[in-house]
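Take a look at the structure set out below.
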Amino acid sequence: MSITTPGFWVVIPAAGTGKRMRADRPKQYLPLAGRLVLEHTLSAFIESPLISGIVVALDADDNYWPQIKPASTKPLITVAGGEERCHSVLNALQKLAERAGRDAWVLVHDAARPCITHEDIERLIAELEDDAVGGILAIAVHDTLKKGTVEHRIATTVDRSGLWRALTPQMFRLGTLTDALQTSLADGYVVTDEASAIEHVGLSPRLVLGRADNIKITQPEDLSLAEYYLRNRLENT
Ligand code: C5P
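Heads up: the sequence shown begins at 67 in the numbering used here, then just goes up one per residue.
See the structure below:
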């Protein structure tokens with residue numbers, strides 16, 4: 067494989083501990099619809115013909131990864147994660163730079179979003195592959211938003227027009243994203259997703275409408291909702 071191989075690569079940050087789940091293991095290794103959360107996430111990208119390969123960032127003390135048995139014909143590379151999600155992503159991008167050129171597209175996707183569909187992956191790629199910047203899957207905010215005080219009283223109602231919830235995958239070119247993350251970290255800017263680093267360097271990522279069932283497993287009740295979505299899908303295929 068040449069260093070200038072273009073194509074679409076996936077980075078999966080999976081080095082979090084997921085404390086909010088109050089489980090005995092990181093949330094990406096919890097059982098879900100007959101497999102582990104991370105197995106569902108990985109298989110969506112392994113099965114997608116558009117994806118060249120996957121880099122997974124793992125915690126240095128991760129003892130669960132050997133339980134993952136992905137049948138992958140594509141490169142599936144692991145790398146040590148970092149202190150925050152953005153450090154894990156940066157480590158993965160640096161590893162990927164050994165195989166892919168700066169122009170290669172990278173889709174960064176949370177390990178904890180196991181309900182990602184081929185339809186969403188394909189729409190994101192189709193909408194962005196000719197874009198100068200890249201972009202993210204997102205959903206327009208439909209709920210009324212309140213800004214609260216520390217005493218949990220409503221301070222004000224926030225105008226929701228033009229507001230979107232950022233999902234993953236977030237798709238940017240390898241070189242642009244690596245540079246943007248490095249600049250953001252050097253500036254002490256708090257990076258909560260890849261798009262925020264890209265925004266920090268003055269670029270404006272595209273918003274691509276994603277599916278509402280692409281939820282992030284964060285709290286215990288999210289697992290039953292994800293289980294419902296995945297089983298429903300299996301029954302309908
Ligand atoms: O904690 P949160 O749900 O926001 O994490 C989003 C994703 O980032 C998860 O897939 C988690 O495993 C990953 N992560 C990481 N390295 C960290 C923290 C989180 O790869 N240091």
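C-beta: ideal position from N, C-alpha, C; glycine also. Just so we're clear, the structure is a prediction, and the values are computed from it rather than from any experiment.
Ligand 1 approaches threonine 284 closely enough that one of its heavy atoms is under 8 Å from the residue's Cβ.
Straight through space, the alpha carbons of leucine 98 and leucine 289 are spaced by roughly 7 Å. From the listed residues His184, Ile264 and Glu185, the smallest Cα separation to alanine 198 is found for Ile264. Membership of valine 103 in the alpha helix (DSSP H) is indicated by the continuous run 103 to 112.
Contact between the stretch 154 to 168 and the stretch 117 to 125 is present, with at least three C-beta pairs closer than 8 Å. Contact check for threonine 215 against asparagine 280 fails: the beta carbons are separated by 9 Å or more. Taking each of Leu211, Gly201 and His266 in turn and checking the Cα distance to leucine 173, the smallest one comes out for Gly201. Note that the C-beta distance between threonine 83 and alanine 178 is not below 9 Å.
Residue pairing from DSSP leaves threonine 244 without any beta-bridge partner. Taken in chain order, the complete beta strand (DSSP E) segments of 3 residues or longer contained in the stretch 235 to 300 are 272 to 275. If you check the C-beta of serine 154 against ligand 1, you find a heavy atom less than 8 Å away. Cβ-Cβ distances below 8 Å link arginine 88 to Pro286 in the same chain, with the five nearest sequence neighbours on each side left out; the list follows chain order.
Ligand 1 has no heavy atom closer than 8 Å to the beta-carbon of arginine 91. In this structure, alanine 158 places its C-beta atom within 9 Å of the C-beta atom of proline 79. Ligand 1 approaches arginine 151 closely enough that one of its heavy atoms is under 8 Å from the residue's Cβ.
By the neighbour-count definition (other C-beta atoms within 10 Å, threshold 16), glutamate 260 is a buried residue. In this structure alanine 292 is buried. Its beta-carbon is surrounded by 16 or more other beta-carbon atoms within 10 angstroms. The three-state secondary structure of arginine 219, taken from DSSP, is coil. As the crow flies, the alpha-carbon of lysine 85 is around 8 Å from that of proline 92. Using a C-beta cut-off of 8 Å, the stretch 103 to 119 makes contact with the stretch 180 to 189, since at least three inter-stretch Cβ pairs fall below that distance. Distance between threonine 107 and glutamate 217, taken at the CA atoms: about 38 Å. In terms of Cβ geometry, threonine 183 and arginine 297 do not form a close pair [threshold 9 Å].
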